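Undergrad:
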Amino acid sequence: MSLTQDIARDLTQAMKERTEPKLSTLRMLKAELQKLQADKGRSAEITDDDVYTVIKRLIKQRKDAAEQYTAGGANDRAESELAEIKILEPYLPKQLSDEQIDAFISEAAKEINASSPKDMGKLMKAVMAKAKGQADGSRVKERVTAFLN
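Below, the structure is given as structure tokens:
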């Protein structure tokens with residue numbers, strides 16, 4: 023079953039259960055996926071990687087909004103944004119542990135002979151290619167920086 027079918031099934035279930043935060047978040051996600059479908063064309067297929075990209079973008083938007091709301095003193099709105107993130111995250115692939123990321127870093131560093139901070143860009147590119155969406159870029163950057171220093 024594809025990820026878009028899982029989302030549609032969960033949306034239907036949320037409608038039946040009338041769970042409002044989940045229902046509105048999944049409706050928003052479905053609308054974004056429909057925009058993507060329109061942009062790609064009716065006959066083009068949306069892959070799971072496309073869905074992951076949309077979900078990551080939505081999560082980043084929610085995190086940024088939560089930070090803004092917290093800075094402005096609107097903590098209830100920030101909590102609402104964070105609740106939406108918790109609804110979206112289960113649709114992403116399982117994230118790699120720090121140990122797994124470190125293993126990718128040392129493997130990639132050997133392949134490209136990275137040894138100093140000026141090799142950061144090449145090493146980040148190699149590690150992110152190996153992680154394939156299973157690790158957040160900021161976590162990888164943090165680990166790569168520690169490795170190179």
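Quick note: the sequence shown uses the numbering used here, first residue 23, plus one each step. All C-beta atoms, glycine included, are put in the ideal place defined by N, C-alpha and C. In this text the structure is predicted, and so the values were computed from the model without any measurement.
Straight-line CA distance for Ala60 to Ser102?
TA: Position 38 of the sequence shown holds residue 60. Position 80 of the sequence shown holds residue 102. Roughly 29 Å between the two C-alpha positions.
Undergrad: Starting from Gln156, follow the alpha helix (DSSP H) in both directions and report where the run begins and ends.
TA: Looking up residue 156 in the sequence shown gives position 134. Neither: Gln156 is in no alpha helix (DSSP H) and is coded neither H nor E.
Undergrad: Leaving out the 5 sequence neighbours to the left and right, which residues in its chain are closer than 8 Å to Glu67 when beta-carbon positions are compared?
TA: For the purposes of this step, residue 67 is identified with residue 45 of the sequence shown, where counting begins at 1. None.
Undergrad: Check the C-beta distance from Thr41 over to Val73 and give it rounded, since I have them as a contact under 8 Å.
TA: For this step, residue 41 is matched to residue 19 along the sequence shown. For this step, residue 73 is matched to residue 51 along the sequence shown. Rounded, the Cβ-Cβ distance is 21 Å, inconsistent with contact.
Undergrad: Using the three-state DSSP reduction, which class does Ile123 fall into: helix, strand or coil?
TA: Within the sequence shown, numbered from 1, the residue matching residue 123 stands at position 101. Looking at Ile123 - three-state DSSP - the assignment turns out to be helix.
Undergrad: Could you compute how far the alpha carbon of Lys108 sits from the alpha carbon of Ile134?
TA: The residue labelled residue 108 in the question sits at position 86 within the sequence shown. The residue labelled residue 134 in the question sits at position 112 within the sequence shown. Spanning the two alpha carbons is a distance of roughly 37 Å.
Undergrad: Please check the pair Leu80 and Leu51, which I expect to be a contact at CB under 8 Å, by giving their CB distance rounded to whole angstroms.
TA: For the purposes of this step, residue 80 is identified with residue 58 of the sequence shown, where counting begins at 1. For the purposes of this step, residue 51 is identified with residue 29 of the sequence shown, where counting begins at 1. Sure, about 7 Å apart at Cβ, within 8 Å.
Undergrad: For Ala88 versus Leu104, is the C-beta distance shorter than 9 Å?
TA: For the purposes of this step, residue 88 is taken as residue 66 along the sequence shown, with counting starting at 1. For the purposes of this step, residue 104 is taken as residue 82 along the sequence shown, with counting starting at 1. Yes; because the gap between Cβ atoms is below 9 Å, this pair is in contact.
Undergrad: Which of the three DSSP states is assigned to Glu42 in this structure?
TA: By one-based count along the sequence shown, residue 42 stands at place 20. Here Glu42 sits in helix by DSSP.
Undergrad: Thinking C-beta only, is Pro43 closer than 9 Å to Glu129?
TA: Translated into the one-based positions of the sequence shown, residue 129 becomes position 107. Translated into the one-based positions of the sequence shown, residue 43 becomes position 21. Their beta carbons are not under 9 Å apart, which means Glu129 does not touch Pro43 by this criterion.
Undergrad: Rank Pro139, Phe126, Lys144, Ser138 by C-alpha distance to the C-alpha of Ala153 and give the top, closest one.
TA: Taking the sequence shown and counting its residues from 1, the one referred to as residue 153 is at position 131. Among Pro139, Phe126, Lys144, Ser138, the Cα nearest to that of Ala153 belongs to Phe126.
Undergrad: Hey, quick one: how far does the alpha helix (DSSP H) through Gly94 stretch, first residue to last?
TA: In the sequence shown, residue 94 corresponds to position 72, counting from 1. Note, Gly94: alpha helix (DSSP H), 70-94.
Undergrad: Quick one: is Thr47 buried, meaning 16 or more other Cβ sit within 10 Å of its Cβ, or exposed?
TA: Against the sequence shown, residue 47 aligns to sequence position 25. Flag for Thr47 reads buried.
Undergrad: Could you give the DSSP three-state label for Ala60: helix, strand or coil?
TA: Against the sequence shown, residue 60 aligns to sequence position 38. It is helical.
Undergrad: Find out if the Cβ-Cβ distance for the pair Lys132, Met146 is shorter than 9 Å.
TA: Within the sequence shown, numbered from 1, the residue matching residue 132 stands at position 110. Within the sequence shown, numbered from 1, the residue matching residue 146 stands at position 124. No, the Cβ-Cβ distance between Lys132 and Met146 is not below 9 Å.
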